[in-house]
Amino acid sequence: MASATGGARPWLLGCAVLAIALGPLSASAQTTEPIKIGVIGEESSVAGASLTKAAAMAADEINAHGGVNGRQVQVITYDDHSSAADAVRAFQRAVSQDKVVAVIASYISEVVLAIEPWSARLHMPFITPGAASNLISKAVHDDYDHFKYTFHGWLTSAFIAQAICDYAKDELVGPFQMKTAVVMSEDAAWTTPLDERYLECLPKAGLKVLDHIRFNPDTADFTPIFHQIEDAHPDVIITGISHVGVQPTVQWHDQQVPIPMVGQSSQATTSTFWKDTNGAAEGVITDTAAAADVALTPLTIPFTQAYVKKYGATPAYDGYTAYDMVYIITEAIQRAEGSTDPDKLVTALAATDHVGTIGREQFYGRDNQFTHALKYGPGLVTTVAIQWQNGKQMCVWPTDKANAKISFPSFIKLHASAN
Amino acid sequence: MRAVQILVDGFAISSLYGLAAVGFTLIFGVSGVLNLAHGGIMVVAALVGWLAAGELGLGTYVGTLVGVAAGLVTAYATYLVVVRPIQRSRAIRPEETEIFVLTGTLLWGIMIQVGMAYLFTDNPVTIRPLIFGVVNIFGVRTPTNEIMIAALSWAAIGLLWLLVNRTRTGKALLGASMNPRGVTLLGYELTQLHLVAWTIYGVLAGIAGVLLASFLGVSTSNAGQLTASAFSIVVLGGLGSVSGSLIAAYVVGYLETATAYLIAPTLRPIPSLILLVLAVYVRPQGFLGRR
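Chains P and R supply the protein sequences, listed in that same order.
For the first sequence, the numbering used here gives the first residue as 1, with consecutive numbering after it.
For the second sequence, the numbering used here gives the first residue as 1001, with consecutive numbering after it.
Laid out in structure tokens, this is it:
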């Protein structure tokens, strides 16, 4: 970092005087300057790379339609290498050096929780399109005036678990008469509240939880875990995995573990997962933001197709949300009458009512325990469940959106059908 | 039942550990090099094998060969670009060469890892197994591929044994590990022998990388872990001792598997690390080490 040495001070003073003198001039020039949005992603992971690509696409589209009040939108991307320290540095740089008006960052809860206090300190509006931990919105709720700059542009873990329970009740307990489950989650910030809600809502949905396994995300050999699960004889494995995905799926398939895997498997949400697993994904069911061929809103299919055309694969779940968040920020700026003042922007963002690619997007208010997190529910965002079938992601829930029936590979032994 | 599971599951992973560690210990024995880019070389073999087998559509067999070749090329690069220039440098004092080689290979390994993550992402990849299906061994459902991996590992180790004990070059290699000066006096070119050792190492590390990709899956972020496990196995077995490394590979493999089954999968690597620390206190030369 440069320090203001004695010799540099007169120079700095000169600049300051000049800046004051030119102040009115630069203010009038500012109206045509681009609106800069910082986007921090994880370029070497599937989900983290998807969010930066999708955000850039949204900016290109907005610019092609004339920008925001005549101003272009410029997305500046940063790679945090999946490291919270790198992400915080990128955030600081975005604010102090690149002068962004808002930041969209990361799908990793640990990273987002590290950025959140900086968003508060630097008064910088900040939205995560993919992290899930309940703690993100809890901080906003508990100390609103301080943390109000943070928005949670994806569902909290509690709602993801709830969506999976709702889905399990409709599609597993009903048609397949499943009665028991084992919860298998990676040990991470986002799965703590996820598992909490699983343990609460699965029994209500009709699935008795026989065992609850949390494993280290560094795990390479899942054989012992699958054996432990099999010993409990559940009807279904309910997953909470994001940092891992390929390895448990391939080993589940190669070892022919006879129990279906259903739940949240973030890596399985993008189309590259089929190739990464050599087709071992067949039969895997995961919750996700949207499915490629299902029109959750009129925007879902056009966005997915444009993304596939540009990048050769479907967006991961956070690609959909990152795309929507760029629109949400620009609309908020319009509502704030072109102002990018952080406090005005926060007020405008809090009033968001945007039909995006995954549903109608609104944020919870100050009174809700999930302040500034995306609202979950019918008519808003409910997520979809997709199943990998013959290399394609087919939508199997909600029932009115489904374009396929559930079918499991031959090594799966369905207890209900055996009875 | 649990015991049989541990026996069966531990065998394949231990064989693979053995295969990966044997080459590692061989180059230490012959040329005194601890190659901390080891995991990086395995990862390159796995990723290139996956690319050739799946993305380029060459199929599992050709893909496997391409992967092993990539491992060999990376091993050569490690030797020729990093290790040999350091060994020959006059700017580095002879007593400091080893620490420079250690640092050089460590940095090289990080460069490989980051470069591969840039090209391939850090998402794990898996190579389609050579054989599909499962067989029942004493009531334990075991993928046929797992049995084949153990068999292939042992075939490669067996070939290495034949090479070392039954051929002239092999005997010269053995000699170089015991007394480099003596071998030179017999008219062998030491650099040639080092190149032979690195060739064997590259092939073994390449095979181990590709097999690991078809067994558990490999990602660039595994590189450090793979180096660490080979390193601890080799130290435990006795630096430079091939048989010691094989024994240590099974000790570590079974200790890990038993921990995963009997205590918790999360604690898997801990007991073998404790064992390593104990070994360094009680028997620093390792199981069968000479120095």
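Every residue, glycine too, gets a C-beta built ideally from N, C-alpha and C.
Source: prediction; values computed, not measured.
- Residues of chain P with a Cβ closer than 7 Å to the Cβ of Ile1013 of chain R are, in chain order, Asp221.
- A residue is called buried once 16 or more other Cβ atoms fall within 10 Å of its Cβ, and Arg197 of chain P is buried on that count.
- The alpha carbon of Asp324 of chain P has as its nearest neighbour, out of P:Val355, P:Asn390, P:Ile40, P:Ala47, the alpha carbon of P:Val355.
- Met1042 of chain R is positioned such that its CB atom lies no closer than 8 Å to that of Ala1228 of chain R.
- Distance check between Gln387 of chain P and each of P:Gln369, P:Phe151, P:Glu33, P:Asn403 places P:Asn403 closest, using alpha-carbon atoms only.
- A straight-line Cα-Cα distance of about 15 Å links Ala1248 of chain R and Ala1258 of chain R.
- Sixteen is the threshold: when 16 or more other Cβ atoms of the shown chains lie within 10 Å of the Cβ of Ile1006 of chain R, as they do, the residue is buried.
- Along the region 132 to 155 of chain P, there is no position whose C-beta sits under 7 Å from a C-beta of chain R.
- Contact annotation: Ile164 of chain P and Gln264 of chain P have beta-carbon atoms nearer than 8 Å.
- Setting aside the 5 residues that flank it on each side, Val1134 of chain R is surrounded in the same chain by Arg1141, Thr1142, Pro1143, Thr1144, each with a C-beta closer than 7 Å to its C-beta; the list follows chain order.
- It is roughly 11 Å from the alpha-carbon of Ala1213 of chain R to the alpha-carbon of Val246 of chain P.
- Pairwise C-beta distances place the region 273 to 291 of chain P out of contact with the region 1016 to 1027 of chain R, as fewer than three of them are shorter than 8 Å.
- Of all alpha-carbon atoms in P:Gly283, P:Leu113, P:Thr223, P:Gln255, the one lying nearest the alpha-carbon of Ser82 of chain P is that of P:Leu113.
- Look at Asp254 of chain P: its C-beta is under 8 Å from a C-beta on chain R.
- Under the three-state reduction of DSSP output, Leu374 of chain P falls in the strand class.
- For a Cβ distance threshold of 9 Å, nothing in chain R lies close to His233 of chain P: the least Cβ distance comes to about 14 Å.
- Contact annotation: Thr1199 of chain R and Leu1072 of chain R have beta-carbon atoms nearer than 8 Å.
- Residues of chain R whose Cβ lies closer than 8 Å to the Cβ of Pro260 of chain P do not exist; the shortest such Cβ separation is about 17 Å.
- Interface flag for Phe215 of chain P against chain R is set, since a Cβ pair is found closer than 8 Å.
- Pro203 of chain P and Val209 of chain P have their C-alpha atoms spaced approximately 7 Å apart.
- In terms of Cβ geometry, Phe1100 of chain R and Ile1112 of chain R do not form a close pair [threshold 8 Å].
- In this structure, Val1068 of chain R keeps its C-beta atom at 8 Å or more from the C-beta atom of Ala1052 of chain R.
- In the pairwise beta carbon analysis, the region 38 to 49 of chain P is classified as touching the region 1117 to 1129 of chain R: at least three pairs are separated by under 8 Å.
- Of P:Ser271, P:Val284, P:Val250, the smallest CA-CA separation from Pro260 of chain P is found for P:Val284.
- When rounded, the separation of the alpha-carbon atoms in Asn1222 of chain R and Ala1037 of chain R is 12 Å.
- Under DSSP, Val1140 of chain R takes part in a beta bridge, and its partners are R:Ile1137.
- In this structure, the CA atom of Asn1136 of chain R is about 37 Å from the CA atom of Cys201 of chain P.
- Between Pro193 of chain P and Thr156 of chain P, the C-beta gap is smaller than 8 Å, which places the two residues in contact.
- The DSSP-derived three-state label of Ala316 of chain P is coil.
- Counting only unbroken stretches of 4 or more residues, the alpha helix (DSSP H) elements lying wholly within the region 292 to 370 of chain P are 300 to 311, 317 to 335, 342 to 350, in sequence order.
- Counting only residues of its own chain and dropping the five nearest sequence neighbours on each side, Thr300 of chain P has a CB closer than 6 Å to the CB of Ala290, Thr357.
- Within 7 Å of the CB of Ser45 of chain P, the CB atoms of chain R belong to Thr1121, Asp1122, Asn1123, in sequence order along the chain.
- In chain order, Gly1049, Trp1050, Ala1053, Ala1213, Ser1214 place their CB closer than 6 Å to the CB of Ile1127 of chain R, counting only its own chain and leaving out the 5 sequence neighbours on each side.
- Between the region 233 to 252 of chain P and the region 1268 to 1281 of chain R, the count of Cβ pairs shorter than 8 Å is below three; the stretches do not touch.
- Excluding its 5 nearest sequence neighbours in each direction, Ile1233 of chain R has C-beta neighbours in its own chain below 7 Å: Tyr1017, Ala1021, Ser1245, Ala1248, Ala1249, Val1252, listed in chain order.
- Not a single CB atom of chain P sits nearer than 8 Å to the CB of Val1251 of chain R.
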